[in-house]
Amino acid sequence: MKPVSTITSPGVPLLIDNIDTDTIIPSREMRSTGRTGLADGLFAPWRYTDADKRINDPSFVLNQRDAIGTRLLLGGANFGCGSSREHAVWALAEFGIEAIIAPSFAPIFKSNCLRNGLLPVELPEEVVRELQWAMVTIDLPTQTVSASGKTWHFALDAEAKAMLLEGLDAIDLTLKHREAIAAWTEADRAARPWVYLEKRA
Amino acid sequence: MGRTLFDKIWDTHRVAEATAGVALIAIDRIFLHERTGAAALKSMAAAGRPVHDPARVFAVMDHIVDTRIGRDDQTLMPGGQAFITETREAALAAGITLFDVTDRDQGIVHVISPEQGIVLPGVTLVAPDSHTCTQGAFGALAWGIGSSEAEHAMATGVLRLVRPGTMRVTFTGATQQGVTAKDMALALISRHGAGGGAGHVVEFAGEAVRGLDMEGRMTLCNMATEFSAMTGIIAPDAATYAYLAGRPYAPASFDAPHWSGLASDPGARFDREIEIEGSTLAPMISWGTSPEQAIPVDARIPQGPPRVHEYIGLEAGQFIAGTPIDAAFIGSCTNSRLSDLRRAAALLKGKRIAPSIRKALVVPGSMAVKRAAEAEGLDQTFIAAGFEWRNSGCSLCFYAGGEGFEPGSRTISSTNRNFEGRQGPGIRTHIASPEVVAASALAGAIADPRKVIAA
Ligand code: SF4
Chain A
11 MKPVSTITSP
21 GVPLLIDNID
31 TDTIIPSREM
41 RSTGRTGLAD
51 GLFAPWRYTD
61 ADKRINDPSF
71 VLNQRDAIGT
81 RLLLGGANFG
91 CGSSREHAVW
101 ALAEFGIEAI
111 IAPSFAPIFK
121 SNCLRNGLLP
131 VELPEEVVRE
141 LQWAMVTIDL
151 PTQTVSASGK
161 TWHFALDAEA
171 KAMLLEGLDA
181 IDLTLKHREA
191 IAAWTEADRA
201 ARPWVYLEKR
211 A
Chain B
1321 MGRTLFDKIW
1331 DTHRVAEATA
1341 GVALIAIDRI
1351 FLHERTGAAA
1361 LKSMAAAGRP
1371 VHDPARVFAV
1381 MDHIVDTRIG
1391 RDDQTLMPGG
1401 QAFITETREA
1411 ALAAGITLFD
1421 VTDRDQGIVH
1431 VISPEQGIVL
1441 PGVTLVAPDS
1451 HTCTQGAFGA
1461 LAWGIGSSEA
1471 EHAMATGVLR
1481 LVRPGTMRVT
1491 FTGATQQGVT
1501 AKDMALALIS
1511 RHGAGGGAGH
1521 VVEFAGEAVR
1531 GLDMEGRMTL
1541 CNMATEFSAM
1551 TGIIAPDAAT
1561 YAYLAGRPYA
1571 PASFDAPHWS
1581 GLASDPGARF
1591 DREIEIEGST
1601 LAPMISWGTS
1611 PEQAIPVDAR
1621 IPQGPPRVHE
1631 YIGLEAGQFI
1641 AGTPIDAAFI
1651 GSCTNSRLSD
1661 LRRAAALLKG
1671 KRIAPSIRKA
1681 LVVPGSMAVK
1691 RAAEAEGLDQ
1701 TFIAAGFEWR
1711 NSGCSLCFYA
1721 GGEGFEPGSR
1731 TISSTNRNFE
1741 GRQGPGIRTH
1751 IASPEVVAAS
1761 ALAGAIADPR
1771 KVIAA
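From first to last, the protein sequence lines stand for chains A and B. When we follow our numbering, the leftmost residue of the first sequence carries the number 11, and every step to the right adds one. When we follow our numbering, the leftmost residue of the second sequence carries the number 1321, and every step to the right adds one.
The structure is reproduced here in structure tokens:
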């Protein structure tokens, strides 16, 4: 995972509450079992007047001139709700989005962001509104967002921050606890034998 | 101080503290399905990481597989076959258990896991599927994760978790006739918002919850993700044990002291409490494009965001009942079990759906549900009423690019998501109980099942 530190970009607003992952990447745009080839399908229902022919809808914010090349999306409350599909995050990242600022995120989506180096920043709705089209700088080490001479602090748990900053792989980190996991399993097997299944033929 | 059901499962599964505030939580059961399963398994294989304990990992073909009778690996969804064959190959290579396309126990992941006795009280269970919360009905901590987290769980046997908050939603009193678990879920979400449960594990409690059978409890927990909760959970009781007894993967003898000790202690404190008076509930239906935009079926549509009214094509102030519909769907991990089909069939028996309905489907949640329904003749009732009768799978709960409803259709659906485009581009979805779907299909317009006299 690529380390994340500072992101500067115009804040492109998509200030709609409850944007779901079916809208971010519809099922029919997930055409292979891989994690790539998704950017074209990002927001397909809103981005195109004809998704099959890929005819842009000029009224959709990501098609506007000032949004081209943006790294930052501003969203509404409960951003990324619905299906757990990690493809939503893969599509956003492939499109070039590196951070999303929203009043709140749906939990699975937020965790998917953190596992893929996409920074989810939670700030109150009135702040998000203030950031529309401003040149915004997100500084992860200090956990601050600044724009138009103002600065706001955002919360992020320490582990998520460290993993983003250092681009660490969660599985590698966890495997350092291999012995603790083995010891726990042995004790648990004695305490809850009914949990443990044998592989059937 | 007393502990909640969640606290007990968390404490039992806490392996170590990874870093400050992050615990390693052991994962007892992992499910995959063909839409995301091959991706996760292939990515692990590419990284040279084996599955830590294949006996606790299961894969299911449900999302992309066709539901037409006589189906095989071919799908109406363009390119769908690759999801099936690649998942099969990856599952075989990883040594995990697969419920394949033609398996007699095939079905929707959250329907077959309980049917097989794979979910059990007190276990942790995850799947890269948001409706994994369904299985919390058994007193398990079961929740949806992303693909990377699924790889993590398979590779290590644990997940790294920040402890969530706890919430108790108590449905007091008994509900009225015709009010189901689906209506309880929609009432909760409409009153407290689609983000209302964020950051919390929601324990459902109270007389109206205790009164639900296991299938109703699954329906209620199924919608916890629509409330943005990490998951829903219900304390196991005699109904839970009776359901699980004799299931293929359930233990031969029940560890009753362990299981009966799981319920929240009387003095347990929850971070948040919500109470809903069960007797005030009515059959619900969604009017908009979020599950929070739901109202009693006899109510008027409220004012919502203009874009929602525009998409759904309904004005504020009008009654939702009487809105003409084009299609009806009974299925999904929310409402496709035997009791759901029985209740819908009871309303349809001896009747025909309105001629204006262009597509009507019943898709049983599993092949076992299908066989049981056929043994009771429910299939004949549905077919005589004008419904198609299918093999099991997710089907038109979501649109994968193959089979769909006619463009612009207004559908009434026993599913869980009424998002824009969820059932196809431009499709206007109304979610409701199987009773409301059946009554509306008969009327050709959204209808209150309490006004249909069962034959
Ligand atoms: S039935 Fe629908 S909600 Fe349930 S698992 Fe399948 S696609 Fe998801």
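By construction, the Cβ of each residue, glycine as well, lies at the ideal position given by its N, Cα and C atoms. Since the model is a prediction, treat every value here as computed from it, not as a measurement.
With contact defined as three or more Cβ pairs closer than 8 angstroms, the stretch 1634-1651 of chain B and the stretch 1391-1398 of chain B are not in contact. Note on I1389 (chain B): under 16 other CB atoms within 10 angstroms of its CB, so exposed under the neighbour-count rule. Residues of chain A with a Cβ closer than 9 angstroms to the Cβ of H1750 (chain B) do not exist; the shortest Cβ-Cβ separation is about 16 angstroms. When the five nearest sequence neighbours on each side are left out, the beta carbons in the same chain lying within less than 7 angstroms of the beta carbon of A1494 (chain B) are those of E1527, A1528, G1531, G1598, S1599, in order along the chain.
Closer than 7 angstroms to some heavy atom of the ligand SF4: that describes the Cβ of C1717 (chain B).
Listed in chain order, the alpha helix (DSSP H) runs fully inside the stretch 1546-1587 of chain B are 1558-1564, 1576-1580, counting runs of at least 4 residues. Residue pairing by DSSP places S19 (chain A) opposite A:V146 in a beta bridge.
For A1501 (chain B), the closest C-alpha among the options B:Y1561, B:A1544, B:H1512, B:L1361 is that of B:A1544. Contact check for R38 (chain A) and A1358 (chain B): beta-carbon distance about 18 angstroms, past the 8 angstroms limit, so the pair fails to qualify. Put simply, of B:Q1401, B:P1448, B:D1386 the residue whose alpha carbon is nearest the alpha carbon of L1361 (chain B) is B:P1448.
With contacts defined by Cβ atoms closer than 8 angstroms, G1442 (chain B) and I1329 (chain B) form a contacting pair.
By the neighbour-count definition (other C-beta atoms within 10 Å, threshold 16), N66 (chain A) is an exposed residue. In chain order, R1620, I1621 place their CB closer than 7 angstroms to the CB of G1637 (chain B), counting only its own chain and leaving out the 5 sequence neighbours on each side. Note that the stretch 1404-1420 of chain B does not touch the stretch 1688-1699 of chain B; fewer than 3 beta-carbon pairs, one per stretch, sit closer than 8 angstroms. Considering only beta carbons, the part of the stretch 195-208 of chain A lying closer than 9 angstroms to chain B consists of T195, D198, A201, R202, P203, W204, V205, Y206, L207, E208, in chain order. Residues L133, V137, T154, V155 of the same chain have their beta carbon placed closer than 7 angstroms to that of W162 (chain A), with the five preceding and five following residues left out of the count. Neighbours of H1578 (chain B) in chain A, taken as residues whose beta carbon is under 9 angstroms from its own, are A201, R202, W204 in chain order. The alpha-carbon of Y1631 (chain B) is positioned some 17 angstroms away from that of F1639 (chain B).
For I1345 (chain B), the number of other beta carbons within 10 angstroms of its own is at least 16, and it is reported as buried. In this structure, A:A98 is the residue among A:A193, A:P203, A:A98, A:P130 with its C-alpha nearest to the C-alpha of T33 (chain A). Nearest to R64 (chain A) by alpha-carbon distance, out of A:D76, A:W143, A:R75, A:A49, is A:A49.
R41, S42, T43, G44, R45, A54, P55, W56, A61: these are the residues of the stretch 41-69 of chain A whose beta carbon lies less than 9 angstroms from some beta carbon of chain B, given in chain order. DSSP places H1430 (chain B) within a helical segment (H, G or I) once states are collapsed to three. G1464, I1465, G1466, S1467, S1468, E1469, E1471, H1472: these are the residues of the stretch 1455-1472 of chain B whose beta carbon lies less than 8 angstroms from some beta carbon of chain A, given in chain order.
When distances are taken from the beta-carbon of V1429 (chain B) to the heavy atoms of the ligand SF4, the shortest one is below 7 angstroms. In this chain, R1662 (chain B) is not harboured by any beta strand (DSSP E); it is covered by the alpha helix (DSSP H) spanning 1658-1668. P1684 (chain B) sits buried, since 16 or more C-beta atoms from the chains shown fall within 10 Å of its C-beta. No heavy atom of the ligand SF4 is found nearer than 7 angstroms to the CB of T1395 (chain B).
Of the heavy atoms belonging to the ligand SF4, none sits nearer than 7 angstroms to the Cβ of C1453 (chain B).
In this structure, A1688 (chain B) lies away from D1423 (chain B), with their beta-carbon atoms at least 8 angstroms apart. Secondary structure at F105 (chain A): helix, using DSSP grouped into helix, strand and coil. Around G86 (chain A), the same chain offers L25, I26, D27 as residues with beta carbons nearer than 6 angstroms, after the five sequence neighbours per side are excluded. Residue range 180-185 is occupied by the alpha helix (DSSP H) that includes D182 (chain A), with no beta strand (DSSP E) assigned at that position.
Within its own chain, the residues whose Cβ lies closer than 7 angstroms to the Cβ of G1728 (chain B), once the five positions on either side in sequence are excluded, are G1746, listed in chain order. Comparing alpha carbon positions, the residue from B:D1618, B:S1548, B:E1595, B:A1664 closest to S1610 (chain B) is B:S1548. DSSP lists B:G1427 as the beta-bridge partner residues of S1686 (chain B).
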